[in-house]
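Residue numbers (the numbering used here), protein chains in the order written: chain W, 1 to 152; chain V, 1001 to 1262.
By construction, the Cβ of each residue, glycine as well, lies at the ideal position given by its N, Cα and C atoms.
Every value quoted in this text rests on a predicted model; they were computed, and no experiment measured them.
Inspection log for the structure reproduced underneath, given as structure tokens.
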């Protein structure tokens, strides 16, 4: 009887744990964006890893988990330039919009990261700031965190 | 004998002090057309940062935009003016807007412009002053950037008013521009460039009469850019402004540093 009493709470605790912590698996990452500056395969791989990492902070990741799809909807990089005589400042904001498709549910996220350069008497080589991988991955991470936070 | 000497003296005096020919006529004031020809090249012109910036028609300040600009005065004036530029622009996916100011340090030349850009098309509104003349105008520019050569054209119109020379004129203009970037060394690039401006006929709003201008303006430039780091380069541009208005002659511009986006 004592053993039974010991097992019952254990079973209850285990079942409660499995009920609250769902298990997911990132099955697909796709992009609607054609960005010549970045290789699509590398971006897709990077986003898959990042999504698993962010999901694992709140949920379990398992092979037979609920499939999660990540779709990058847009990548924008508006740049602003301010100059005052020889002093110039160029700022490029990378804005990534994406959505997570979990079963029939959709969760949206948007992230921003910026790069700023300042110069005196100098001009940018390409009249614009080059694509920055660090800024892009920072924006993706923020967008994923926002989307995952919506999954409640 | 005394009478003879007196007559000789009178004759010599007459020869020395008398006028042998009638006095030359007083110089006629310049005609409205001449006045216009003298000043239109100061004012008219366009802004071509999409093409590397700088002057199409000198000494239009909008066309001499640079971090630091040495602007040679017309030959009749001699000397140099020095200027700088201020600007702000926001561009995303080839679309955006910008505002700029190009000023000489003595503030005799001031030019302000705003533009909207849609891919290769630029739509401008600009105004400014050049000495006693004021102008306001608009233009449309189309640029083609190819691997071999960059070229473009601009069509616009300006209203020019001068209270000192008393004229008030509407003038359409067309600018053709081309440049080609050539690699000298791995760090150095040379970009020869040309801008040709034609602005005729014009319409005198003051007397409601149209006229033609036989002036023609060409700017030939040489831009040297030196790569100083992975992201930055230093531009030095020498431009010769050749104008058929005799009093202008050839004027030189030396533009140092980055150019404005229009």
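Residue 1034/V (DSSP reduced to helix, strand or coil): Low per-residue confidence applies at residue 1034/V: pLDDT is 48, beneath 50, and the placement is therefore not dependable enough to give any value.
Straight-line gap, residue 148/W to residue 32/W (C-alpha atoms, nearest Å): 20 Å
Segment limits, alpha helix (DSSP H) that includes residue 144/W: 133-149
Beta-carbon neighbours of residue 195/W, restricted to chain V and to distances below 9 Å: Past the boundaries of the shown model lies residue 195/W; chain W is included only from 1 to 152, so the question cannot be answered.
Complete runs of the beta strand (DSSP E) confined to the region 12-88 of chain W [at least 3 residues]: 23-31, 66-76, 79-84
Nearest-angstrom Cβ-Cβ length linking residue 115/W and residue 139/W, presumed shorter than 8 Å: About 11 Å separates the two Cβ atoms, so there is no contact after all.
Contacts around residue 1127/V, its chain only, beta-carbon distance under 7 Å, and the 5 residues preceding and following it disregarded: 1112, 1135, 1136
Beta-carbon neighbours of residue 1138/V, restricted to chain W and to distances below 9 Å: What residue 1138/V touches in chain W: nothing, since even the nearest Cβ is about 23 Å away.
Sequence-distant residues of the same chain with beta carbon closer than 7 Å to residue 1151/V, five excluded per side: 1144, 1177, 1178
Chain-ordered chain V contacts of residue 76/W [CB-CB under 8 Å]: 1092, 1093
Residue 54/W, buried or exposed, once every other Cβ within 10 Å from all chains shown has been counted against 16: buried
Residue 981/V - containing beta strand (DSSP E), residue span: Lying before the first or after the last residue shown, residue 981/V is absent from chain V, which here runs from 1001 to 1262.
Selection from 1232/V, 1257/V, 1250/V that minimises the alpha carbon distance to residue 1073/V: 1250/V
Element boundaries [beta strand (DSSP E), containing residue 1069/V]: 1068-1072
Contact under 7 Å by Cβ, residue 1222/V with residue 1192/V: yes
Residue 1108/V, DSSP secondary structure in three states: coil
Interface positions of the region 88-119 of chain W facing chain V (Cβ-Cβ less than 8 Å), listed along the chain: 88, 117, 119
Neighbour list for residue 1107/V in chain W, Cβ cutoff strictly below 7 Å: Near residue 1107/V there are no residues of chain W at all, since even the closest Cβ is about 14 Å away, more than 7 Å.
Listed by chain order, chain W residues near residue 1227/V by CB distance under 7 Å: 125
Chain-order list of residues whose beta-carbon lies under 8 Å from that of residue 1148/V (same chain, five-residue window excluded): 1180
Straight-line gap, residue 1067/V to residue 1103/V (C-alpha atoms, nearest Å): 11 Å
Sequence-distant residues of its chain with Cβ nearer than 6 Å to residue 107/W (five each side left out): 100, 147, 150, 151
Local Cβ density within 10 Å of residue 1184/V, reported as buried at 16 or more and exposed below that: exposed
Distance between residue 87/W and residue 1252/V (C-alpha atoms, nearest Å): 24 Å
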